[in-house]
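Quick mapping for you: the protein sequence lines, in order, are chains G and U. Quick note on my numbering: the first sequence kicks off at 95 and runs consecutively. Quick note on my numbering: the second sequence kicks off at 95 and runs consecutively. Every residue, glycine too, gets a C-beta built ideally from N, C-alpha and C.
There are 2 protein chains.
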Amino acid sequence: MPDRGDQLDYGQLGHSLGFLLRLAQLRSFANFYKDMGELNIRPGEMTMLFVLAENPGVRQGVLAKALRIKRAHMTKMVHGMESEGLVTRTVPADDKRSVELWLTEDGAARVEAVRPMFEQHEARPVGDLSGAEVAELKHLLRRFMGMEKR
Amino acid sequence: MPDRGDQLDYGQLGHSLGFLLRLAQLRSFANFYKDMGELNIRPGEMTMLFVLAENPGVRQGVLAKALRIKRAHMTKMVHGMESEGLVTRTVPADDKRSVELWLTEDGAARVEAVRPMFEQHEARPVGDLSGAEVAELKHLLRRFMGMEKR
DNA sequence: TATTGTTATACTCTATAACTATA
DNA sequence: TATAGTTATAGAGTATAACAATA
């Protein structure tokens, strides 16, 4: 009688940080689509736009490294967003190998169109975690990433 | 002077739970490959094997739902592992539509071959988080997933 | 009618290596 | 020699819909 219907025991995986992060990320993305889906935007695209709004003229490779996207893939993403008229690329005089990225007016407008709904999404309750628990979770994740000292 | 070299400001994304979970998951997978890479196993495959070890005879659809894998993709994964001789599929008499999954002897041996290194991996320090912080992080993630009450 | 697994298709993301132009 | 971006290719992973067998 091994099958317990629809119940499943994660075993020690249920206490594996990697597995928990994987599940949590999937749930988080599902929440993102539920809240933001009607804007027809995806997490990766939104990340790019927001980071460019915050870092105008950032070099393409720096962006790729910060977002953990491979350079080859970044090329495709950037060209895609360029052909959508959201970003422009310039080659700086002091290093003609590199490319600087800038939001176009349309790109900046897209950011401002998305931002309110994103902030609403971020402010929404997270499962049945209290506000303090969410803050602590974010703090620990930032510590994990080395983005914050104790 | 918009470019700040290799520094990049995540802006409000740096406090977005979804973005932090995304970064943390990427780092966690990188750690997984660093620690376990020589076993030539990937997180998804290991998860399948461990869950089957804990839940012999689980129905394929139940497994797919628990691991957030689409049924169509699960079919491919299961057939792949079957052709590697790691799992077997049986059709229960009481519902001939469904498929029950079992580890083969080789599959069970694979689990036991991987487990020690996995436990070592899990025991390793996580960034510069203290043990108590890691425990709290896991607790909050489990709470987020509804796997644990307050 | 609904569900389980399957097949097929398309798209996204990832990984790798070779290439160019510049440094 | 090394680096930044590009191109090409292959492989995972994901999403969707249509289908057969079964409930």
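For a quick check, are the C-beta atoms of residue i and residue j less than 8 Å apart?
i	j	result
G:L234	U:E230	yes
G:F126	G:H215	yes
U:L117	G:R244	no
U:L180	U:R204	yes
G:G221	U:R237	yes
G:K262	U:L197	This structure does not reach residue 262 of chain G, given that chain G is present from 95 up to 244, and the question cannot be answered.
U:L102	U:M211	no
U:R165	G:M239	no
U:Q119	G:Q119	yes
U:G168	U:A158	Per the sequence shown, the amino acid found at residue 168 of chain U is Met instead of Gly. Going by C-beta atoms, U:M168 is nearer than 8 Å to U:A158.
Less than 6 Å between C-beta atoms, sequence neighbours within five positions excluded: which residues of the same chain meet that for residue i?
i	result
G:N149	none
G:L174	Looking at the sequence provided, one finds Gly at residue 174 of chain G rather than Leu. The answer is none, since no qualifying residue turns up.
Considering only residues of the same chain and omitting the five flanking positions on each side of residue i, which have a CB-CB separation below 7 Å?
i	result
U:I135	V208
G:D100	none
U:P137	F123 and F126
U:M178	At residue 178 of chain U the sequence reads Glu, which differs from the Met that was named. None.
U:D200	G179 and L180
Who are the near neighbours of residue i in its chain, counting only those whose CB is closer than 8 Å to its CB and skipping five residues on each side?
i	result
U:V185	S192, V193 and E194
G:V228	V220
G:L223	L231
U:A202	A147
What are the residues of the region 179 to 206 of chain G that lie near chain U, defined by any Cβ-Cβ distance shorter than 7 Å? Residues E194.
Inter-stretch contact at 8 Å, needing at least 3 Cβ pairs: the region 99 to 113 of chain U / the region 142 to 152 of chain G: In the pairwise beta carbon analysis, the region 99 to 113 of chain U is classified as touching the region 142 to 152 of chain G: at least three pairs are separated by under 8 Å.
Between the region 100 to 111 of chain G and chain U, which residues of the former have a C-beta closer than 9 Å to a C-beta of the latter? Per Cβ criterion, the list reads D100, Q101, L102, D103, Y104, G105, Q106, L107, G108, H109, S110 and L111.
Give, in chain order, every residue of the region 227 to 239 of chain G whose Cβ lies closer than 8 Å to some Cβ of chain U. Those would be E227, V228, E230, L231, K232, L234, L235, R236, R237, F238 and M239, in chain order.
Are the region 149 to 159 of chain G and the region 181 to 197 of chain G touching by the rule of at least three beta carbon pairs closer than 8 Å? With a cut-off of 8 Å on Cβ pairs, the region 149 to 159 of chain G is in contact with the region 181 to 197 of chain G, counting three or more such pairs.
Give me the subset of the region 141 to 171 of chain G whose CB atoms are less than 8 Å from a CB atom of chain U, sorted by chain position. The residues in question are T141, F144, V145, A147, E148, N149, P150, G151, V152, R153, V156, L157, K159, A160 and R162.
What are the residues in the region 121 to 141 of chain U lying within 8 Å of chain G by C-beta distance? Per Cβ criterion, the list reads R121, S122, F123, N125, F126, P137 and T141.
May I ask you to list, following chain order, the residues of the region 205 to 221 of chain G that have a beta carbon less than 7 Å from some beta carbon of chain U? Here the close residues are E216, V220 and G221.
Please give me, in chain order, every unbroken run of the beta strand (DSSP E) with length at least 3 that falls completely inside the region 112 to 194 of chain G. Taking only runs of at least 3 residues, the beta strand (DSSP E) segments lying wholly in the region 112 to 194 of chain G are 181 to 184.
Any chance you could list the beta strand (DSSP E) runs of at least 3 consecutive residues sitting entirely within the region 189 to 229 of chain U, in chain order? The DSSP assignment places complete beta strand (DSSP E) segments of no fewer than 3 residues inside the region 189 to 229 of chain U at 194 to 197, in order along the chain.
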